[in-house]
Amino acid sequence: MVAPGAKKPSSRLDAAAQEALKTRLDALSCVEEQFQDFDVVWAKVLGFPWWPGVLFLSWDVVRRAGIVTDPKIVAELVVPAPERVPVMDAATGQATGAFRWKRHCLVMFLDKFNFSLLEIEPANVASYTAHYQLYERAVMGSKNSKKKSEFRRALVKAATLLHMGKEYAEEDLVLLEEPSPAEKKLRMEEVMELDEEGEGSLDDAWDDRESDDVEYSINAGDTKPAKAKKSSKNTYLDG
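Numbering-wise, this note's numbering puts 357 at position 108 of the sequence shown, and it's gapless, one number per residue.
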């Protein structure tokens, strides 16, 4: 709502602000980010938008966390050892004489708890807080109402982890599979929106994530994201 006499912000200013944000993020992407186990990150899989997830550097850490996974998935998504590779000039494609470490990680995407294997580089993995505005706007500005609903739920879970701070590594990740009060409120709002549009029901809002576990290929080894099994026991994360 704009106060009487006040000028409504122009789209040009909005576009300028977005361009400034993009420029800042491009600069950040030139800096090699250091990630640790249990970091909340943005991750990108081919064909899908940037999405919140939890990063792991090895399956050993996943197992110590008590997260139950299919052995076939663990065998399929093998995390390569760090490799020293030459840095190539982006313009010429020639080696610059410098070297960098090529590393991979596992990302457990929030809300559906699928795992993907990704190379740690700006095109695939980014810090959560620094890139929040850009990637949140990209999805929430789309017209796909179902995708936005899933995205909002993932944001709630990411916020839950971030609010726990470093101590969340000692918390039960399985609790994230149970809707928090904030998520319950969010889903009820989604139900009302869907009812107004004639597109869904209460069951749709709560159960769509179970019916939409689509497997898809990714750049790193053309592997497929795998869903973690729900453990019948408490799952405590061991940082």
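Think of the CB as a built atom: it goes at the ideal place given N, C-alpha and C, for glycine as much as any other residue.
Completely contained alpha helix (DSSP H) runs for the segment 275-337, where each covers 4 or more residues = 308-313 and 320-325
request  = Determine the closest residue to residue 363 out of 282, 389, 301 and 285, with distance taken between C-alpha atoms.
outcome  = Your numbering for residue 363 matches position 114 in the sequence shown. The shortest Cα separation from residue 363 among 282, 389, 301 and 285 belongs to 301.
ask   = Do you know how far the Cα of residue 367 is from the Cα of residue 303?
value = Position 54 of the sequence shown holds residue 303. Position 118 of the sequence shown holds residue 367. Using only the alpha carbons, I get a separation of about 12 Å.
key: Alpha-carbon spacing of residue 335 relative to residue 394, whole angstroms   = Counting from one through the sequence shown, the residue named residue 335 turns up at place 86. Counting from one through the sequence shown, the residue named residue 394 turns up at place 145. The alpha-carbon atoms of residue 335 and residue 394 are separated by roughly 43 Å.
query = How many Å lie between residue 389 and residue 380 at the Cα?
reply = Looking up residue 389 in the sequence shown gives position 140. Looking up residue 380 in the sequence shown gives position 131. If you take the alpha carbons of residue 389 and residue 380, they lie about 14 Å apart.
inquiry  = If distances are taken between C-alpha atoms only, which option among 348, 332, 315 and 353 comes closest to residue 326?
reply    = For the purposes of this step, residue 326 is taken as the residue at position 77 of the sequence shown. When each option's Cα is compared against that of residue 326, the closest is 353.
message = Buried or exposed for residue 350, going by 16 or more other Cβ atoms inside 10 Å?
response = For the purposes of this step, residue 350 is identified with residue 101 of the sequence shown, where counting begins at 1. Residue 350 should be labelled exposed.
inquiry  = Just list the residues that DSSP pairs residue 357 with in beta bridges.
reply    = As a first step, residue 357 is located in the sequence shown; it is residue number 108 there, counting from the start. Beta-bridge pairing links residue 357 to 303 and 364.
key: Counted within 10 angstroms of its Cβ, other Cβ atoms place residue 330 as buried (16 or more) or exposed   = Residue numbering aside, residue 330 sits at position 81 when the sequence shown is read from its first letter. Result: exposed.
query = Helix, strand or coil: how does DSSP classify residue 339 here?
reply = One-based indexing of the sequence shown puts residue 339 at position 90. Three-state DSSP puts residue 339 in coil, outside helix and strand.
ask   = What is the DSSP secondary structure of residue 345, reduced to helix, strand or coil?
value = Locating residue 345 in the sequence shown gives position 96, counting from the first residue. Residue 345 falls in the strand class under three-state DSSP.
request  = Output yes or no for whether 9 Å exceeds the beta carbon distance between residue 358 and residue 403.
outcome  = On the sequence shown, position 109 is the one that residue 358 refers to. On the sequence shown, position 154 is the one that residue 403 refers to. Yes.
task = Can you give me the start and stop residues for the beta strand (DSSP E) that residue 408 sits inside?
result = To locate residue 408, count along the sequence shown from 1; it is residue 159. That residue, residue 408, is in no beta strand (DSSP E); its alpha helix (DSSP H) goes 394-413.
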